[in-house]
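Listed in order, the protein sequences are those of chains A and B.
Residues in the first sequence are numbered from 1 upward in steps of one, following this note's numbering.
Residues in the second sequence are numbered from 1 upward in steps of one, following this note's numbering.
There are 2 protein chains.
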Amino acid sequence: MSQRPNAYDVAKLAGVSQTTVSRVLNNFPHVRPTTKEKVLEAIEKLGFEPDEIARSLVKKKTNTIGLIVGNLANPFYSETAQAILNEASKVDYDVIMMEGDSNNISLSEVIGKLINRRVEGVVVASVKRNDDELTKVLTEKSIPVIFFNRTLDHAVNTNYIVVDNLKGSKLAMEHLIQSGHKKIAYITGWQGYSTFNDRFLGYKQALAENNLAYDGNLVFEVNPKGSALDFSMDLLRNNPDVTAFFASTDSIALEILEAASRCNKRVPEDVSVIGFDNINISSNPYVKLTTVSQRKEEMSVLALTNLLKLINKEVETPVQITLEPELIVRGTTTAKDRNL
Amino acid sequence: MSQRPNAYDVAKLAGVSQTTVSRVLNNFPHVRPTTKEKVLEAIEKLGFEPDEIARSLVKKKTNTIGLIVGNLANPFYSETAQAILNEASKVDYDVIMMEGDSNNISLSEVIGKLINRRVEGVVVASVKRNDDELTKVLTEKSIPVIFFNRTLDHAVNTNYIVVDNLKGSKLAMEHLIQSGHKKIAYITGWQGYSTFNDRFLGYKQALAENNLAYDGNLVFEVNPKGSALDFSMDLLRNNPDVTAFFASTDSIALEILEAASRCNKRVPEDVSVIGFDNINISSNPYVKLTTVSQRKEEMSVLALTNLLKLINKEVETPVQITLEPELIVRGTTTAKDRNL
DNA sequence: TTGTATGCGTTATCAC
DNA sequence: GTGATAACGCATACAA
Numbered sequence: 001m002s003q004r005p006n007a008y009d010v011a012k013l014a015g016v017s018q019t020t021v022s023r024v025l026n027n028f029p030h031v032r033p034t035t036k037e038k039v040l041e042a043i044e045k046l047g048f049e050p051d052e053i054a055r056s057l058v059k060k061k062t063n064t065i066g067l068i069v070g071n072l073a074n075p076f077y078s079e080t081a082q083a084i085l086n087e088a089s090k091v092d093y094d095v096i097m098m099e100g101d102s103n104n105i106s107l108s109e110v111i112g113k114l115i116n117r118r119v120e121g122v123v124v125a126s127v128k129r130n131d132d133e134l135t136k137v138l139t140e141k142s143i144p145v146i147f148f149n150r151t152l153d154h155a156v157n158t159n160y161i162v163v164d165n166l167k168g169s170k171l172a173m174e175h176l177i178q179s180g181h182k183k184i185a186y187i188t189g190w191q192g193y194s195t196f197n198d199r200f201l202g203y204k205q206a207l208a209e210n211n212l213a214y215d216g217n218l219v220f221e222v223n224p225k226g227s228a229l230d231f232s233m234d235l236l237r238n239n240p241d242v243t244a245f246f247a248s249t250d251s252i253a254l255e256i257l258e259a260a261s262r263c264n265k266r267v268p269e270d271v272s273v274i275g276f277d278n279i280n281i282s283s284n285p286y287v288k289l290t291t292v293s294q295r296k297e298e299m300s301v302l303a304l305t306n307l308l309k310l311i312n313k314e315v316e317t318p319v320q321i322t323l324e325p326e327l328i329v330r331g332t333t334t335a336k337d338r339n340l
Numbered sequence: 001m002s003q004r005p006n007a008y009d010v011a012k013l014a015g016v017s018q019t020t021v022s023r024v025l026n027n028f029p030h031v032r033p034t035t036k037e038k039v040l041e042a043i044e045k046l047g048f049e050p051d052e053i054a055r056s057l058v059k060k061k062t063n064t065i066g067l068i069v070g071n072l073a074n075p076f077y078s079e080t081a082q083a084i085l086n087e088a089s090k091v092d093y094d095v096i097m098m099e100g101d102s103n104n105i106s107l108s109e110v111i112g113k114l115i116n117r118r119v120e121g122v123v124v125a126s127v128k129r130n131d132d133e134l135t136k137v138l139t140e141k142s143i144p145v146i147f148f149n150r151t152l153d154h155a156v157n158t159n160y161i162v163v164d165n166l167k168g169s170k171l172a173m174e175h176l177i178q179s180g181h182k183k184i185a186y187i188t189g190w191q192g193y194s195t196f197n198d199r200f201l202g203y204k205q206a207l208a209e210n211n212l213a214y215d216g217n218l219v220f221e222v223n224p225k226g227s228a229l230d231f232s233m234d235l236l237r238n239n240p241d242v243t244a245f246f247a248s249t250d251s252i253a254l255e256i257l258e259a260a261s262r263c264n265k266r267v268p269e270d271v272s273v274i275g276f277d278n279i280n281i282s283s284n285p286y287v288k289l290t291t292v293s294q295r296k297e298e299m300s301v302l303a304l305t306n307l308l309k310l311i312n313k314e315v316e317t318p319v320q321i322t323l324e325p326e327l328i329v330r331g332t333t334t335a336k337d338r339n340l
């Protein structure tokens with residue numbers, strides 16, 4: 001009896017068939033109250049609870065989704081994961097979480113594993129712009145996959161929820177330009193991600209639209225050999241006419257803030273800094289970073305609700321949603337023209 | 001054929017029995033190379049991959065663990081979750097993640113759900129000191145549960161991995177006291193968690209051991225009505241003889257830093273601040289918070305490896321490990337006596 | 001209203 | 001070496 005009891009054990013104890021046990025378990029209407037009572041008693045006595053694995057097998061439904069994130073230690077991912085977890089629990093879905101940026105297994109393989117675990121759908125929070133293997137897998141496989149935050153370059157038939165990153169960059173840039181900044185440095189993440197590609201485009205477009213010259217010396221892509229911190233310190237020391245930094249993520253912005261502090265530059269008096277993502281720490285009064293909001297919560301909720309709709313075929317595919325970004329002005333930028 | 005193929009489809013195509021398909025799938029030794037070839041071809045052709053749910057049912061093994069965290073938006077949890085996820089994937093375990101601090105479902109219920117999903121073990125990263133319902137569930141249920149970071153008060157038979165929080169507090173306090181601080185404020189989280197209980201104990205013991213009086217006015221427990229920020233500002237304005245703050249978490253420490261900045265106090269010249277947890281942001285050069293390290297990675301690895309040992313009955317129960325905390329001196333405290 | 005038989009997609013135990 | 005056949009723990013069609 002140390003084993004977990006099953007529905008047959010309950011049936012035997014209650015003096016009914018296993019089918020009847022299943023019936024009371026699933027609240028079927030036409031069960032005689034007295035039998036129901038007996039079964040309930042037996043369930044209680046044995047501490048029986050149905051095995052969800054067996055249930056999944058026969059019902060061909062697992063009530064589980066997969067969530068693939070880039071790196072949980074990155075606040076953006078953990079904060080969105082938190083929101084998605086929360087939404088999922090509301091509709092009684094479990095989530096199997098995996099990291100996609102792993103070095104020894106490709107995103108396609110991770111998705112494959114999830115599919116074999118019979119998840120009903122997958123949210124992918126980080127995908128490279130080009131992934132031919134993945135594109136192939138997506139057409140072959142049967143379950144819905146929704147990209148979140150980042151998407152594939154040629155996403156004709158893929159589902160995604162993103163913010164308008166290009167527009168977000170423009171918002172940030174216009175905020176700086178309106179405050180009188182002319183020399184604006186830009187630090188980007190890896191251009192292989194659509195987010196950074198689009199944000200960079202926005203940076204360049206904003207410059208062009210405001211008749212400011214693009215200067216490659218003011219632009220830097222973080223890489224294993226070069227940090228945003230070092231680049232910023234260099235720039236602050238050698239290019240005193242640079243008065244503002246646009247960071248493609250809040251995390252990068254934090255490094256710039258440190259660079260400023262090390263170079264004895266006051267923020268925002270000497271140099272303005274603006275980020276992108278609006279991770280939680282940015283609103284911390286100690287940091288008070290001006291940034292562009294990705295609207296994490298909204299995006300997360302939309303990702304989950306739309307994935308469920310896709311699972312239940314309640315929506316036409318592909319689902320492609322682009323949210324409006326939002327400028328959040330806090331303490332690391334001056335907004336001269338706004339203080340008139 | 002739009003349905004997912006199963007082992008019978010493969011068998012039919014290869015002209016063998018389904019049993020044989022299973023054999024090549026599981027790399028059984030005595031399969032004739034030519035048959036194996038045929039089967040592999042059929043598998044390839046159909047794009048067949050075994051259904052892990054069915055496999056789990058018959059093998060009574062899911063290769064899945066449950067991970068219950070407090071709140072993923074809290075860096076400590078996301079960073080440890082990341083480490084655990086990583087360790088799990090190394091040994092090919094999947095993890096179903098759930099939040100335990102939810103308001104409409106108790107921790108016991110969450111664990112129950114996980115058990116019904118047939119996870120093989122559970123890591124619980126946040127538990128209250130007293131939870132009678134849970135204690136009862138733990139004795140009834142059959143799978144190993146390991147507490148991580150926090151544990152129950154009367155944990156005679158429970159498995160846990162924690163750091164020595166009391167000692168950690170003493171390390172922090174001695175660091176401050178050796179630097180000449182006499183009036184040290186303390187801000188704690190909810191005392192219903194063992195972490196905060198132990199840390200508070202450490203604070204008081206350190207005072208006593210150094211012949212410093214305990215002053216209730218310098219101690220504050222964050223609550224819905226009162227923030228660390230407000231309390232700190234009050235103190236900084238009205239008690240100028242308070243020269244140091246010991247925060248029971250790094251997140252609280254960040255608020256204190258802001259309070260200092262708002263009150264025009266320099267850190268560490270005017271006031272020292274020390275935290276607890278060593279979350280990633282603390283090492284950011286912009287923050288450079290002195291803190292006590294929880295040794296997240298170590299704890300995470302230990303939690304997972306020991307959970308697996310418990311699952312495989314390779315270790316005697318209970319597993320109870322207390323790690324040594326580590327003082328990490330960065331820029332928010334002065335260490336006068338160390339600079340001799 | 002209840003029970004019997006069957007099947008979900010595998011692995012395990014026998015035979016041959 | 002290989003193939004029937006019986007589990008695993010449930011839900012469901014069909015009978016009664």
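Backbone N, C-alpha and C fix where the C-beta goes; we use that ideal spot for every residue, glycine too.
So if DSSP puts LEU218/B in a beta bridge, which residue, or which two residues, is it bridged to? In the DSSP output, where bridge partners are listed per residue, LEU218/B has none listed.
Which residues, in order along the region 78-92 of chain A, keep a beta-carbon less than 8 Å from a beta-carbon of chain B? Hits within the stretch, in order: SER78, GLU79, ALA81, GLN82, LEU85, ASN86, SER89.
Determine the burial state of TYR203/A: buried for a count of at least 16 other Cβ atoms within 10 Å of its Cβ, exposed for fewer. Within 10 angstroms of the beta-carbon of TYR203/A lie 16 or more other beta-carbons, which makes it buried.
Chain-order list of residues whose beta-carbon lies under 6 Å from that of ASP131/A (same chain, five-residue window excluded): Closer than 6 Å at the Cβ level, and outside the excluded window around ASP131/A, lies no residue.
Close Cβ partners of VAL315/A (< 8 Å) along its chain, the five nearest in sequence each way excluded: Setting aside the 5 residues that flank it on each side, VAL315/A is surrounded in the same chain by ASN306, LYS309, each with a C-beta closer than 8 Å to its C-beta; the list follows chain order.
Taking 8 Å as the CB-CB cut-off, is ILE402/B touching chain A? No statement about residue 402/B is possible, as the shown extent of chain B runs from 1 to 340 and does not include it.
I'd like to know whether the C-beta atoms of MET97/B and VAL95/A end up nearer to each other than 8 Å. Contact check for MET97/B against VAL95/A passes: the beta carbons are separated by less than 8 Å.
Does the region 67-84 of chain A come within contact of the region 274-294 of chain A, defined as at least 3 CB pairs closer than 8 Å? Put simply, the region 67-84 of chain A touches the region 274-294 of chain A. At least three CB pairs are less than 8 Å apart.
Taking 8 Å as the threshold (C-beta atoms), are LYS170/A and LEU218/A in contact? Against a cut-off of 8 Å, the Cβ pair of LYS170/A and LEU218/A comes out as no contact.
Roughly how many angstroms separate the alpha carbons of LEU201/A and THR332/B, rounded to a whole number? Straight-line Cα distance between these residues: approximately 39 Å.
Touching by the beta-carbon criterion (3+ pairs, under 8 Å), the region 172-189 of chain A and the region 243-256 of chain A: Contact holds between the region 172-189 of chain A and the region 243-256 of chain A, because three or more Cβ pairs, one in each stretch, are under 8 Å apart.
Suppose only complete runs of 3+ residues qualify. What are the beta strand (DSSP E) ranges in the region 241-279 of chain B, listed by chain order? Segments of the beta strand (DSSP E) lying fully in the region 241-279 of chain B: 244-247, 272-277.
Between ALA125/B and chain A, is any beta-carbon pair separated by less than 8 Å? ALA125/B does not count as touching chain A.
Test item: CB-CB of SER142/B and THR334/B under 8 Å: In this structure, THR334/B does not lie closer than 8 Å to SER142/B by Cβ.
DSSP three-state label for THR290/B, please. Here THR290/B sits in strand by DSSP.
Nearest chain A C-beta to LEU310/B closer than 8 Å, yes or no? It does not; no Cβ of chain A falls within 8 Å.
Hey, ALA259/A and LEU229/A: beta-carbon distance below 8 Å or not? Yes. Within cutoff.
Three-state secondary structure assigned by DSSP to LYS204/B: LYS204/B: helix per DSSP, three-state reduction.
Tell me which same chain residues have a C-beta within less than 7 Å of the C-beta of VAL267/B, skipping the five on either side of it? LEU257, ALA260, VAL273, THR332.
Inter-residue Cα distance where the pair is ILE161/B and ASN211/A: Straight through space, the alpha carbons of ASN211/A and ILE161/B are spaced by roughly 60 Å.
In its own chain, which residues sit with a C-beta less than 6 Å from the C-beta of SER282/A, not counting the 5 before and 5 after it? In the same chain as SER282/A, and ignoring 5 residues on each side of it, the C-beta atoms closer than 6 Å to its own belong to ASP250, LEU289, THR291, in chain order.
Any C-beta of chain A under 8 Å from that of SER22/B: Cβ-Cβ to chain A under 8 Å: no for SER22/B.
Would you kindly check if the distance between the Cβ of PRO318/A and the Cβ of ASN157/A is under 8 Å? Taking 8 Å as the Cβ cut-off, ASN157/A and PRO318/A qualify as a contacting pair.
Between SER102/A and LEU134/A, is the Cβ-Cβ spacing less than 8 Å? At least 8 Å separates the beta-carbon of SER102/A from that of LEU134/A.
Nearest by alpha-carbon distance to VAL127/A: which of ASN159/A, ASN116/A, ILE115/A, ASN223/A is it? Just measuring C-alpha positions, the residue of ASN159/A, ASN116/A, ILE115/A, ASN223/A sitting nearest VAL127/A is ASN159/A.
Using CA coordinates, which residue listed in VAL119/A, PRO50/A, GLY70/A, LYS59/A is at the minimum distance from SER106/A? The shortest C-alpha separation from SER106/A is found at GLY70/A.
Inspect the beta-carbon positions of LEU25/A and PRO5/A and report whether they are closer than 8 Å. With contacts defined as CB atoms closer than 8 Å, LEU25/A and PRO5/A fail to qualify as a contacting pair.
Check for me: the alpha helix (DSSP H) holding ASP230/A runs from which residue to which? 228-238 is the extent of the alpha helix (DSSP H) around ASP230/A.
For LEU152/B and SER194/B, what's the separation of their Cα atoms in angstroms? So the alpha carbons of these two residues sit roughly 7 Å apart.
Taking the beta carbon of ARG237/B as the centre, do at least 16 other beta carbons fall within 10 Å, making it buried, or is it exposed? Within 10 angstroms of the beta-carbon of ARG237/B lie fewer than 16 other beta-carbons, which makes it exposed.
For LEU323/B: DSSP bridge partner residues: VAL163/B, per the DSSP bridge assignment.
Leaving out five residues on either side along the sequence, give the residues of the same chain with a beta carbon under 6 Å from the beta carbon of GLU41/A. Closer than 6 Å at the Cβ level, and outside the excluded window around GLU41/A, lies no residue.
Can you tell which of ARG118/A, ASN197/A, VAL137/A, ASP277/A has the C-alpha that lies nearest to the C-alpha of SER56/B? Put simply, of ARG118/A, ASN197/A, VAL137/A, ASP277/A the residue whose alpha carbon is nearest the alpha carbon of SER56/B is ARG118/A.
Cβ-Cβ distance between GLY121/B and ILE65/B below 8 Å: Taking 8 Å as the Cβ cut-off, GLY121/B and ILE65/B qualify as a contacting pair.
Between SER87/A and SER300/A, which are expected to be in contact by the criterion C-beta below 8 Å, what is the C-beta distance as a whole number of angstroms? Per the sequence presented here, residue 87/A reads as Glu, with Ser not at that position. Yes, they are in contact, since the Cβ atoms of GLU87/A and SER300/A sit about 6 Å apart, within 8 Å.
Would you call the CB atoms of THR62/B and ILE53/A closer than 8 Å? Taking 8 Å as the Cβ cut-off, THR62/B and ILE53/A qualify as a contacting pair.
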